[in-house]
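Asker:
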């Protein structure tokens, strides 16, 4: 079993920055893909950015150039640095751990990010 704990959310003005962290506990494999997703009210949960065990990243077009994902396997941590935040970035942000073959997937409880205009 894996437990994911997100932190770092909050209220920020447009143009500001936030740094989200996700700490994983339990049996974590370095080959797992770690990702950040977000869900705004009334909308589906969408991928923001992911990083494979090998360090390959996949970043949504809407945040490319503003958000950066990174991971520290030694600390079982994945981080999302968010710069130049916009009101449309307002959402609950979720951390996800998934196996490369898709057999298992774990989600965190989410952390609220609110960007005021």
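In this note's numbering, the protein residues as written are 6 to 122. Quick reminder that beta carbons are idealized off the backbone N, C-alpha and C, glycines included.
1) If you count every other CB in all the chains shown that lies within 10 Å of the CB of residue 108, and 16 or more means buried, which is it?
2) Taking only the alpha-carbon atoms, compute the straight-line gap between residue 95 and residue 65 and give it to the nearest angstrom.
3) Let me know the secondary structure DSSP gives residue 51 once reduced to three states.
4) Below 8 Å, can you find three or more Cβ-Cβ pairs linking the stretch 110 to 120 to the stretch 11 to 30?
5) Among residues of its own chain, excluding the 5 on either side of residue 91, which ones have a beta-carbon nearer than 7 Å to its beta-carbon?
6) Opposite residue 9 in the DSSP bridges: which residues?
Answerer: On the basis of the supplied data:
1) exposed
2) 15 Å
3) strand
4) yes
5) 19, 120
6) 29
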